[in-house]
Structure formats: C-alpha cells, structure tokens
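Remarks on the structure that follows.
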Amino acid sequence: MEPLLAARLQMAISLAFHIIFAVAGIAMPLMMVIAEWKWLKTKNEVYLALAKHWSKGTAILFAVGAVSGTVLSFELGLLWPNFMEWAGSIIGMPFSLEGFAFFTEAIFLGVYLYGWKKVNPVVHLVSGALVAVSGAASGIFVTIANAWMNTPAGFELVGGKPVDIDPVAAMLNPAAFSQTLHMMIAAYAATGFAVAGIHAFLLLKNPKNVFHQKALYIALAVGGVAAVIQPLSGDILAKVVARNQPLKLAAFEGQFETVRGAPLRVGGIPDVDGMETKYAIEIPFALSLLAYNDPDAEVKGLKDFPRELWPPVAIVHVAFQIMVAAGLIMAAVSVYSFVSVLRRKNIYESRALLRALVLCSPLGFIAIETGWIVTEVGRQPWIIYGVLKTAEAVTPMPWLAVTFITFTAIYIFLAVIVVLLLVRQFKASPEYLDSGRR
Amino acid sequence: MAVSTEVIIAAIMIISLTLYALKGGADYGGGVWDLLAFGKRAKRQREVIAEAISPIWEANHVWLILVIVILFTGFPLAFSTIATALHIPLTLMLIGIVFRGSAFAFRSYDVRKEESRTWGLVFSVSSLITPVLLGITLGAIASGNITLENGVVAAGFIKPWLSLFPFSVGIFTLVLFAYLAAVYLTLETDDEELKEDFRKRALITSIMTGLLAIVVYLLSGTGAPTIREGLGGKWWALAIQAIVFLLSLSAFLALLKRRFQLARICAIGQVSLIIWGWALAQYPYLVEPSVTVFNAAAPARTLNFLLIALVAGAFLLLPSFYYLFRVFRKL
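In the order they appear, the protein sequences are chains W and S. Going by this note's numbering, 65 is the number at position 65 of the first sequence; the sequence numbering is gapless. Here this note's numbering runs 438 ahead of the position in the second sequence, where the first position is 1.
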C-alpha cells in the first residue's frame with residue numbers, strides 16, 4: 001500500500017470513528033440537561049431516571065471520544081508533519097481554545113456523573129449545562145480549523161511559505177461560520193434521531209413505558225428541530241463553497257460543463273472518462289438558483305479546471321447525494337412529527353411513526369459520515385485548499401500500512417464493544433407505567 | 439536567560455507537562471496498583487483506586503492535549519520533528535491511551551459485572567505500558583539523537599528511541615507515577631488497613647525511584663550528554679538536585695511517620711522539580727540537538743495570541759479544577 005494512501009485511510013478511519021463520539025458528546029449532554037431540568041420543574045422521577053440513564057451512555061461515549069480525539073491531535077503530526085509545520089502557527093489557535101473547552105467539558109462531566117449526591121440539584125444541573133455548552137464550543141473550534149483548510153486565510157504566501165500570519169483572521173476564514181453551523185446542527189440532528197429511534201424501538205415492544213415516552217419526546221425535540229433547520233444551513237454552506245471552492249461544488253453536483261442555468265442533479269453516477277453524469281434526475285436551473293440566488297447564474301464545470309486538481313468526483317458526488325437524501329428524509333419525518341404533536345396526538349401511539357423513527361435512527365450519522373467524505377475527499381488533492389497538497393504533507397515514515405491496519409482493527413473492536421454495552425444499558429432501562437411510578 | 443514570549447510559552451508548556459505528570463500520571467499509577475493488587479484486601483484496594491480516579495481522570499488527561507496544542511501552535515517545527523522521528527513510540531503510547539481510557543469506562547459502566555474483570559485487566563495493563571512509552575519518548579527527545587535532514591530523520595525511525603537511556607527514562611517514569619499514586623491513595627481512604635497497604639507501596643516505590651534516578655543519571659553520560667552537562671556543572675542544577683534529594687527523603691520519612699499530607703506535598707515537589715531540572719538542563723533545546731525554543735517558535739503575533747488565550751484559559755480553568763477537587767475532597 002502506498003504510504004500516502006495508508007496515511008489518508010488512517011486519517012479517514014480515525015475521523016470517521018471519532019466524529020460519532022464527538023457528536024454524541026455534544027448533543028447527549030443537552031438531552032440529559034433537558035431531562036434533569038424537567039425533573040426539577042415537575043418533580044416527576046421518570047425524568048430523573050432518564051437523565052441518569054442517558055448520562056451512563058454519555059460517560060461511555062465521552063471516554064471513547066476523549067481518547068480517540070487524543071489520537072487525532074497526535075495524528076496531525078504523526079501523519080502530516082509538514083502540514084503542521086506549515087500551518088501550526090496559523091491554525092493552532094482554535095485547537096488551543098478547544099483544549100480549554102475540552103477541559104471544562106471533562107471537569108464538569110466529572111461533577112455531573114459522580115456528583116449526584118455531592119452537590120445540590122441546581123449546581124448539578126448547571127454542571128450539566130456547562131458540559132453541553134463546552135462540548136458545543138469544542139466542536140465549533142475544531143470545525144473552524146477544518147474550515148480553514150477549505151478556505152485558508154490569515155497569511156500571505158511568499159515563496160511557498162506563509163508570512164504575515166494573523167491567527168484571528170485565520171479563525172474568521174470564509175467558511176468558518178457556515179461550516180460550523182452545519183456541523184453543529186448535524187450533531188444535534190444525528191444524536192437526537194439516533195436516540196429517538198432507539199426509544200421508538202423500545203416503545204414498539206413496550207408501548208406503556210412512560211420512561212421511553214418521555215425520552216422519545218426530548219430526543220425528537222432536539223433532533224427534530226435541528227433536522228428541520230439543517231437544509232437551510234446546508235444551503236448557506238453550499239453558497240460559500242460555490243464562491244470559494246467552485247471546483248468542489250462542481251464535484252458535488254457532477255457538473256462537467258460550465259453552463260448558465262445549471263440544473264440540480266438528484267442521484268446519478270459521474271462518469272469521469274466520459275465527462276458526464278449519467279442516470280440523474282435534473283431539476284432545471286435549480287443549481288444556479290441555489291448556489292448563486294439567480295436561475296441564470298453561471299456554474300463552473302469540472303472541465304474548466306486542470307484534471308490533476310479534480311477530487312475523486314464519483315465518490316464526492318455519491319456521498320453528497322446520500323447526505324442530502326438522509327437529511328431531507330429526517331427533515332420530513334420531523335415535520336410530520338411536529339404536526340402530529342400540534343394536533344395533540346400522542347406520537348408514541350402511532351406505530352407507523354415509531355417504525356419510521358426506528359428506520360431513520362441511523363440516518364443522521366450516515367449523513368455526518370458522508371458529509372465528511374464530501375468535505376474531505378472533495379478538498380483533495382489539497383490538504384490546504386489551493387496552497388499545500390496532501391502528498392506534500394505526508395510523513396516519510398515507511399510502515400504506515402501497519403499503523404493503518406492496527407488502528408482500523410482497534411476501532412472496529414471498540415465500536416463493537418461500545419454498541420454491545422449501549423445495548424445492555426438500554427435493555428436495563430427502568431420500567432415506569434402511566435402513573436409515573438415504577 | 440532572556441525572558442521573551444516564546445520562553446514564557448515554553449514554560450507554560452512545561453507547567454502543563456508537570457501537571458499531567460502529577461495528575462494524569464498518578465491516574466496511570468492507580469492502574470498499576472490495580473494490576474498489582476493482591477491479598478485479601480485486593481478487591482477493596484481496587485475499589486478505592488476506582489473511586490479516586492473515576493471523576494477526575496478525563497480532566498487530568500486533558501493536560502496532555504494542552505501540551506500538544508501548545509507545542510504545535512507555539513513551536514510547529516518541534517512538533518513536526520518529534521512526530522516524525524518518534525512516530526513509533528508515540529503511536530504505541532496512543533494505543534495505550536486508547537485502551538486505558540476505553541477499558542476504564544467500559545469497566546465502570548458495564549451492566550454485566552462478570553466481564554468487568556476483563557476490562558479491569560485491560561485498563562491496568564495499559565496503565566502500566568503507557569507511562570513507559572511516554573518516558574521513552576521524553577528520553578529520546580533529550581538524547582540528542584534526533585536530527586532531521588531534508589525532513590527525514592537521519593538516525594532512522596527506530597534507533598533514536600530503541601536504546602538504553604530512553605528505556606531507563608521510561609521505567610523511571612512508570613515507577614514515579616506509581617509512587618505518586620500510592621502516596622495520594624493513602625489519603626483517599628479512611629480504612630486504616632488500606633492506608634497501610636498504600637503506605638507500604640509508597641515506601642517501596644520511593645526507594646525504587648531513588649535507585650532508578652541514579653541509573654538514569656549514570657546512563658545519561660552517554661545517552662544524553664548535553665543534559666548531563668547541564669545537570670553537572672551549574673550551581674542551580676546542583677541546587678535543584680539537592681532539593682529533589684531532600685524532598686524525596688522528607689517524603690520517605692513522612693511516610694514512615696504516617697504524616698500523609700506532608701508526604702504528598704513532598705512527593706509533588708519532588709516530581710515537579712525532577713521535570714523542571716530536566717527542562718532547565720535541556721534549555722534552550724526543545725529537541726536536541728537542533729530544534730530550540732527560538733528557531734522553532736511561531737511568529738510573534740501567534741505567540742502573543744496564544745499567550746493571551748492561555749492566560750484567559752487559566753482564569754477559566756483553575757477555579758473549575760479547584761471546584762472539581764473540592765467536590766471530590768482531593769484538596
């Protein structure tokens with residue numbers, strides 16, 4: 001295996017693994033805190049049981065997220081030393097700030113998980129809220145660093161080296177806002193849907209358990225609101241990509257020709273050699289309209305760019321389609337659920353909706369994984385868009401295939417164990433009947 | 439010694455490393471004592487250890503992340519050099535970190551208790567291995583064997599760390615962490631028998647740290663000549679070594695007399711000064727023999743922002759840590 005390919009695959013597997021735990025670490029604390037707040041307000045002990053139950057799952061997910069995040073912070077240098085030497089002084093700042101957010105998260109998670117009997121209920125709730133806020137801050141800082149790799153800013157390029165470095169301008173890079181917005185909403189949508197799906201599954205088996213009913217409402221509120229607004233943030237981000245990375249947008253869409261009034265493609269498989277995207281349903285003018293707010297705007301096609309700068313078009317296009325489809329299905333199911341709630345229906349009594357939620361439960365994470373493929377593979381061959389190639393950044397270490405296989409094996413093993421432990425946690429869910437008593 | 443921004447940031451990095459050793463290091467030490475728990479009180483020893491580290495190990499672990507982000511933001515060249523040359527021991531250390539943290543969480547939250555012994559074993563074995571690899575890495579950084587030529591390590595990817603001196607530092611690190619943990623654990627329980635168990639362990643490892651310190655010092659003659667020189671001649675270096683000796687002796691006597699609070703303070707001072715003595719002896723090198731605090735430093739604007747962030751972060755962090763340790767009665 002080529003060292004560059006091994007390094008890329010190791011980075012990909014590390015990110016794909018970590019992102020699941022990072023995302024859960026962002027959104028689970030919010031749901032825990034909502035449950036605990038409802039308990040303080042209503043004194044209904046079902047909510048307390050729910051907060052405690054969710055917090056156990058969060059503890060497992062957070063621990064694995066913390067260690068896999070540590071791996072990533074080292075891997076930046078282990079795999080891409082030339083990238084870090086080049087960019088460390090420019091985008092180290094968000095990572096440093098993330099360090100402090102992570103500290104706050106870990107400290108107050110400790111208080112939250114082990115302080116039920118040691119601190120008073122309000123302080124306990126505030127600790128949980130601090131975990132939720134600092135978890136979100138961590139995610140924002142890390143995504144800002146990634147956004148910089150897409151739209152580098154805050155330096156001048158002189159003789160291939162960065163000078164006049166401004167780390168604040170680097171953090172305020174063009175994609176920073178839209179990419180972090182899209183990622184954070186994705187975190188809440190994916191986690192909310194995953195948890196809602198699990199409780200929906202348990203409700204199908206045990207419809208009278210109030211524990212799962214309350215859980216479903218909170219998870220669906222968090223996941224559903226996020227899923228409904230996510231297409232809007234996607235649109236904002238796509239416009240930023242269109243402006244700053246037109247080649248990447250062309251790859252999203254499998255757009256080979258430069259045209260005015262470009263269509264939006266649904267589905268389809270790009271044929272790179274034949275230079276066309278086959279089998280797609282085309283919605284006329286829609287791409288120009290979405291990307292530039294003008295149905296007649298010109299959209300640059302792949303053919304306008306040198307072939308050696310193209311990302312792997314087929315992977316990017318297909319991943320993009322999967323992400324969008326998953327997101328739209330989640331948004332639709334959310335709207336349907338909200339309408340049901342507004343019509344004063346108990347959503348947990350609709351077996352059809354419960355089944356739909358079970359089917360939807362992995363969609364958010366599928367969207368996140370494919371979304372990362374879109375942004376990371378879509379940036380290739382660059383590690384810093386337009387500035388530094390991935391191939392130039394890789395370590396000279398020769399045995400990268402070994403480390404890649406090792407980490408893959410470890411992560412698959414850990415993933416299996418985590419799933420097993422979470423299943424056991426859910427099987428041990430408490431049972432409360434309608435009166436709110438056990 | 440000129441006190442410029444890069445020197446201050448390097449000092450903050452060493453403070454973070456010191457705190458990682460004092461806090462995170464002791465958590466690894468706890469794992470070591472979990473592995474070595476024996477006799478009829480083995481189960482209770484393990485319970486005390488788990489109770490002591492559960493609420494705080496993740497927060498303690500973040501000191502390592504802080505060291506790394508300061509290194510790659512403030513001294514990118516040093517980070518890329520270390521990460522390239524020491525790819526193998528760092529990767530092994532990361533595997534240890536992953537298994538230690540995951541297994542500990544799995545053990546705590548597995549509904550099936552019969553399996554938790556397996557996770558306990560994974561946790562404790564990786565607690566034993568990880569500090570050795572951390573020490574090997576630090577020893578290799580100090581050895582003077584890491585030179586890059588055109589971005590490639592001149593001595594190869596194995597030789598700089600696979601030798602006697604880095605390994606002696608690895609073993610020394612492990613014993614030091616176990617020693618710290620044993621000293622702390624005497625204060626984590628009210629059970630007199632358990633206190634005695636941990637006191638014995640602290641006394642034994644106290645003697646071992648002394649012996650290993652001599653071994654490391656002797657090996658540094660050929661293993662890390664620049665450090666040896668730094669520690670040998672100058673008055674401040676000799677003063678630090680004298681104080682470390684007095685502190686370790688005081689800690690030992692305090693343990694003998696069951697003055698556990700005093701022992702903890704002395705042990706903390708002892709470990710901190712070992713790290714600082716090493717750091718000062720190595721100054722201004724971040725990686726011997728070519729990367730210094732000055733030639734690896736990021737541009738001034740980055741350093742200034744980093745310093746502001748670190749100071750502001752400290753204002754956020756220190757009260758939070760104080761609160762955490764208060765709640766779980768560790769102060």
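Think of the CB as a built atom: it goes at the ideal place given N, C-alpha and C, for glycine as much as any other residue.
| query | result |
| --- | --- |
| Neighbour-count burial assignment, N150(W), 16 or more Cβ in a 10 Å radius | buried |
| 6 Å Cβ shell around P431(W) - same chain, five flanking residues per side excluded | Strictly speaking, residue 431(W) in this sequence is Glu, with Pro absent from that position. So the list reads N209, once near-sequence residues are dropped. |
| Three or more C-beta pairs below 8 Å linking the region 526 to 540 of chain S and the region 591 to 611 of chain S | yes |
| Chain-ordered neighbours of Q425(W) on chain S, where CB pairs are closer than 8 Å | Y547, V549 |
| Interface residues of the region 80 to 99 of chain W facing chain S [CB-CB below 8 Å] | P81, N82, M84, E85, W86, A87, G88, S89, I90, G92, M93, F95, S96, L97, E98, G99 |
| Runs of beta strand (DSSP E) wholly within the region 341 to 414 of chain W (minimum 3 residues, chain order) | 382 to 384 |
| In DSSP terms, what E298(W) is bridged to | R260(W) |
| Assigned secondary structure, T730(S) (DSSP; H/G/I helix, E/B strand, else coil) | strand |
| Exposure label - N146(W); buried when at least 16 CB within 10 Å | buried |
| Interface residues of chain W facing S540(S) [CB-CB closer than 7 Å] | A63, V64, V67, L414 |
| First and last residue of the uninterrupted alpha helix (DSSP H) at D635(S) | 630 to 661 |
| Proximity of F766(S) and Y114(W) at Cβ, strictly below 8 Å | yes |
| Where the region 159 to 177 of chain W meets chain S: residues whose CB sits under 7 Å from a CB there | I165, D166, P167, V168 |
| Beta-bridge partners of R538(S), as assigned by DSSP | Note: R538(S) sits in no beta bridge, so no partner. |
| Contacting positions in the region 562 to 583 of chain S - beta carbon closer than 9 Å to chain W | none |
| Beta-carbon spacing of S492(S), I107(W) below 8 Å | no |
| Reduced DSSP category for Y617(S) - H, G, I as helix; E, B as strand; rest coil | helix |
| Run of the alpha helix (DSSP H) containing L740(S), from where it starts to where it stops | It should be noted that the sequence gives Thr, not Leu, for residue 740(S). From DSSP, the alpha helix (DSSP H) with T740(S) extends over 738 to 765. |
| Nonlocal neighbours in the same chain, by C-beta distance under 7 Å from M1(W), ignoring five residues either side | A401 |
| Completely contained alpha helix (DSSP H) runs for the region 81 to 141 of chain W, where each covers 4 or more residues | 81 to 114 |
| Short CB-CB distance (under 8 Å) between S492(S) and chain W | yes |
| Rounded C-alpha distance that separates L290(W) from Y217(W) | 33 Å |
| I681(S) versus V731(S): straight-line alpha-carbon distance, rounded | 26 Å |
| Short CB-CB distance (under 8 Å) between K118(W) and chain S | yes |
| Proximity test, Cβ basis, 8 Å: M439(S) and chain W | With a pLDDT of 49 at M439(S), under the threshold of 50, the modelled position of that residue is not reliable, and the figure given next carries that caveat. False, the Cβ-Cβ gap to chain W never drops below 8 Å. |
| Short CB-CB distance (under 8 Å) between G751(S) and chain W | yes |
| Spatial neighbours of I140(W) in its chain, beta-carbon cut-off 6 Å, leaving aside the 5 residues before and after | T180 |
| Buried or exposed (CB count within 10 angstroms, at least 16 for buried), A738(S) | exposed |
| Reduced DSSP category for V168(W) - H, G, I as helix; E, B as strand; rest coil | helix |
| Nearest to K695(S) (by Cα), restricted to the options E634(S), A736(S), P727(S) | E634(S) |
| 8 Å Cβ cutoff met for V299(W) and F252(W) | no |
| One or two residues paired with Y723(S) in a DSSP bridge | T730(S) |
| Helix, strand or coil at V591(S) according to DSSP, with G and I counted as helix | strand |
| Contact check, A219(W) vs A196(W), beta carbons under 8 Å | yes |
| Three-pair Cβ contact test at 8 Å for the region 198 to 205 of chain W versus the region 340 to 358 of chain W | yes |
| Contacting positions in the region 493 to 506 of chain S - beta carbon closer than 9 Å to chain W | P493, I494, W495, E496, A497, N498, H499, V500, W501, L502, I503, L504, I506 |
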